Every structure is written in C-alpha cells, then in structure tokens.
Ligand SMILES: C[S@@+](CC[C@H](N)C(=O)[O-])C[C@H]1O[C@@H](n2cnc3c(N)ncnc32)[C@H](O)[C@@H]1O
C-alpha cells in the first residue's frame, strides 16, 4: 500500500483475521450509551451510521429508532458491510437498515432527508473532514443533528510506555490517519462546515483491564508496516503492553470527543 493513501487503503484491504478482531473491538456495550446520548435518537427517526464497520452501532441505532424508523449504514469496505448485513439478519433488524457502499466521502442520500448523522471514530480517515461534514449538513433536515465521536491520538496515554516512546511509535504509525488530532479539530471543522450551534463533551474512561490494549497494538502494526522503526523496538513496545496487562499494572486513557451540532435552516 502507498504511504500517501494508506489512511484509506488500510480500510479497503483488510484480511479476514483482522475483520474478526475488529468485530470484537467495535462491539457495542450498554455502558457505552453516554457516547450516543447527545445524538438524542428517538423512535421513527431516519439516522445515518457513517463508517459503520461491521454494524455494531447500526444495530443499536436500529433498536432505538424502532420499527417506524430507518438506518442508513454506510462504509467503504464490502466485507464490513456483508458482516453488518448478517448481524442485522441475526438480530431480525434487517428491514430497518439499508446498507450503502460508498467510494468517495459522500452520502448517496437526498438533501434534507435524515434526522441524524452519527459518525463514530471515522472522521480521522476521510480526505477532508470539513467537506464530509458539509455533506452531512446537506442530508440533514433543518433542526436535525450531526453527532461525531472521535479520538485525539495526541492525547493517548498508555502505561507503562513513556511519552517519548509512544510518540515514536505514533509518528511511524501516523500514515494510518489522515487527521490524527481530529478530536480537538472537530469543533472548528463543524463551525467551518456551517453548523452554528456546536456542543462539545469529552468522555474519558480509563481502561485498566486490557480491553483497549488492541488500540496501541494496532498502532504498533501500522508502525511496523511503515518500515520506519527497527522491528525489535516495535516488538518490545507490544510486549511491554502485554506484560503490563498480565501484571495488572497497565492503564490506557484515550479521551473521546463528542461533538454535536444542529443543522441550520437553509440560508
Ligand atoms: C475505526 S472503524 C469504526 C467503525 C464503527 N464506526 C465503530 O465505531 O464501531 C472506522 C470505519 O470507518 C470506515 N471508513 C474509513 N474511511 C472511510 C471513509 N472515507 N468513508 C466512510 N467510511 C470510512 C472503515 O471501513 C471502518 O469501518
């Protein structure tokens, strides 16, 4: 894969093993409800799940909009969409969800046709977040909401990895993200995309059990693919994290920016 487009290509070309791992990583758990709360999803709404992956959030949204609502689940990866469709069948929610594979970062939907666009951990991968948010604004009915949930990779803390060491791994892995500091940039991007009323919340739930250890380990994988660091350095990084999880001394903090805005009346 070419370094310049790796941030996108690594989501297009995923081997089936990694797809399995992602299913676990993206699993929706009831304790994640505060991430979605500002979206105020209600029965009967039409909602977009932009960058739906294997569809875990789409299923949750389909439950919330009920039988009279509708979910558009959108992604660039065929395998994810196939998986998402299977999960929807399994949960008997297939009728409420429409799946769309897109190539450009644009929604294949009519102007002013949806009540809410939810986008979780995706905007760091699009070519131009402001342009994508403008497209979200286009499909929202006046008074509808956009709700983006994103990390800020500059704020990642992983014990026992020293900041300079984490920084080296992150720098080598940075080709995997188009806008790695998206968390802090979202507010400005939404304002620049024409949303007037923008609210920001930051949620921080430290992981001490190792559930989120896949995040820095995934980052190590990207760093390895970049070829910028000695293999031994990356191996040691991964091993130190695994050892700390085993020893019960590991701690990970990755703040999640929740940025929500109301679509204005057309000007
Ligand atoms: C980190 S995953 C998040 C998946 C899901 N939103 C969740 O939180 O469970 C990123 C997702 O965004 C998708 N993606 C990456 N670039 C995209 C783009 N330009 N447009 C739409 N989806 C994209 C990937 O295929 C992947 O499913």
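In this note's numbering, the protein residues as written are 3 to 269. Quick reminder that beta carbons are idealized off the backbone N, C-alpha and C, glycines included. Owing to the predicted nature of the structure, the values given are computational and were not obtained by experimental measurement.
- The three-state secondary structure of residue 254, taken from DSSP, is strand.
- Distances between the C-beta of residue 116 and the heavy atoms of ligand 1 are all 7 Å or more.
- Judged by pairs of C-beta atoms under 8 Å, the stretch 88-98 does not touch the stretch 111-118, as fewer than three such pairs exist.
- DSSP places residue 78 in the coil class of the three-state scheme, outside both helix and strand.
- For residue 48, the enclosing beta strand (DSSP E) stretches over residues 48-52.
- A direct Cα-Cα distance of roughly 43 Å separates residue 163 from residue 48.
- Ligand 1 never approaches residue 223 closely enough for any of its heavy atoms to be under 7 Å from the residue's Cβ.
- Rounded to the nearest whole angstrom, the C-alpha separation of residue 130 and residue 52 is 15 Å.
- Per DSSP, the beta bridge partners of residue 260 are 151 and 203.
- For the 8 Å CB-CB criterion, residue 187 and residue 127 do not form a contact.
- Taking all protein chains in view, the Cβ of residue 243 is crowded by 16 or more other Cβ atoms within 10 Å, so the residue is classified as buried.
- Judged by their CB atoms, residue 255 and residue 200 are not nearer to each other than the 8 Å cut-off.
- Selection 192, 224 and 237 evaluated against residue 266 yields 192 as nearest (Cα-Cα).
- If you check the CB distance, residue 64 and residue 95 come in under 8 Å.
- In the three-state reduction of the DSSP assignment, residue 100 falls in the strand class.
- Of the candidates 140, 170, 146 and 87, 170 places its Cα closest to the Cα of residue 232.
- Taking a C-beta distance under 8 Å as the contact criterion, residue 167 and residue 239 qualify as a contact pair.
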